[in-house]
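Residue 79 in this note's numbering sits at position 90 of the sequence shown; the count goes up by one each step and never skips.
In what follows, a structure is listed as structure tokens, so that the remarks can point back to it.
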Amino acid sequence: MRAPDLIEDGWCLESAVEYHALNPETFEIPDEGTRRTLRAGDFAKLIFAIAVEDDEEPIYERMWVVVREVAGDTYFGLLDNAPDIDENDEFWIGTELPFTQEHVIDVQAGNEESRDYAARTPLRSWPRD
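Right, here's the structure in full:
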């Protein structure tokens, strides 16, 4: 399974671990054990770099996803909020995307509603090959 790529997909994920290593006092993340043990229905907050047309630099947004599936070291989640940017052709609530524990900046335990949401068919699925 390939990771999202800024050029190919128009977005990618930033490493929470790298952000924390650069600024451990001000950029806290959950411990590795917590980040590695998410279950379907749990919430994970990620940092997205999103390409913007006619702009050399991407914009960055923190958004929540609901864990849909755990496949080895990879999570598949459903985007749970809409990006703030207007020029968005890639992300909609319910879009499936892959991530790992490295990308998680915050977590919240799931509930019955989020587990139901995680079980639904994604608006757009991420390729598994």
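Ideal Cβ positions, reconstructed from N, Cα and C, are used throughout, including at glycine.
Open item on the list: I'd like the span of the alpha helix (DSSP H) that includes residue -8, first residue to last.
Closed with: Mapped onto the sequence shown, residue -8 falls at position 3. Residue -8 -> no alpha helix (DSSP H), and no H or E assigned at all.
Task: Secondary structure of residue 73, DSSP reduced to three states - done: As a working mapping, residue 73 is identified with position 84 in the sequence shown. Looking at residue 73 - three-state DSSP - the assignment turns out to be coil, as it is neither helix nor strand.
Task: Pair within 8 Å by beta-carbon distance, residue 54 and residue 27 - done: Position 65 of the sequence shown, counted from the first residue, corresponds to residue 54. Position 38 of the sequence shown, counted from the first residue, corresponds to residue 27. Not in contact: residue 54 and residue 27 (Cβ atoms no closer than 8 Å).
Task: Reference residue 101; option with closest CA among 30, 17, 73 and 25 - done: Residue mapping note: residue 101 aligns to position 112 of the sequence shown, counting from 1. The shortest C-alpha separation from residue 101 is found at 30.
Task: Own chain, CB closer than 7 Å to residue 25, minus 5 neighbours either side, in chain order - done: By one-based count along the sequence shown, residue 25 stands at place 36. The residues are 90.
Open item on the list: As a quick exercise: from 40, 93 and 84, pick the residue whose alpha carbon is nearest that of residue 116.
Closed with: Locating residue 116 in the sequence shown gives position 127, where the first residue counts as 1. Looking at the Cα atoms, 84 is the closest of the given residues.
Task: Inter-stretch contact (C-beta, 8 Å, three-pair minimum) for the stretch -7 to 13 and the stretch 40 to 51 - done: yes
Task: Bridge partner(s) assigned by DSSP for residue 38 - done: Position 49 of the sequence shown, counted from the first residue, corresponds to residue 38. 1 and 49.
TODO: Please go through the same chain and pick out, in chain order, the residues whose beta-carbon is closer than 8 Å to the beta-carbon of residue 8, but skip the five residues on each side of it.
DONE: Taking the sequence shown and counting its residues from 1, one reaches residue 8 at position 19. Cβ within range, chain order: 16, 18, 36 and 94.
TODO: Report buried or exposed for residue -10, applying the criterion of at least 16 other Cβ atoms within 10 angstroms of its Cβ.
DONE: The sequence position of residue -10 within the sequence shown is 1, counting from 1. With fewer than 16 other Cβ atoms within 10 Å, it is exposed.
Task: Inter-residue spacing [alpha-carbon to alpha-carbon] between residue 49 and residue 92 - done: Walking along the sequence shown from the start, residue 49 turns up at place 60. Walking along the sequence shown from the start, residue 92 turns up at place 103. So the alpha carbons of these two residues sit roughly 13 Å apart.
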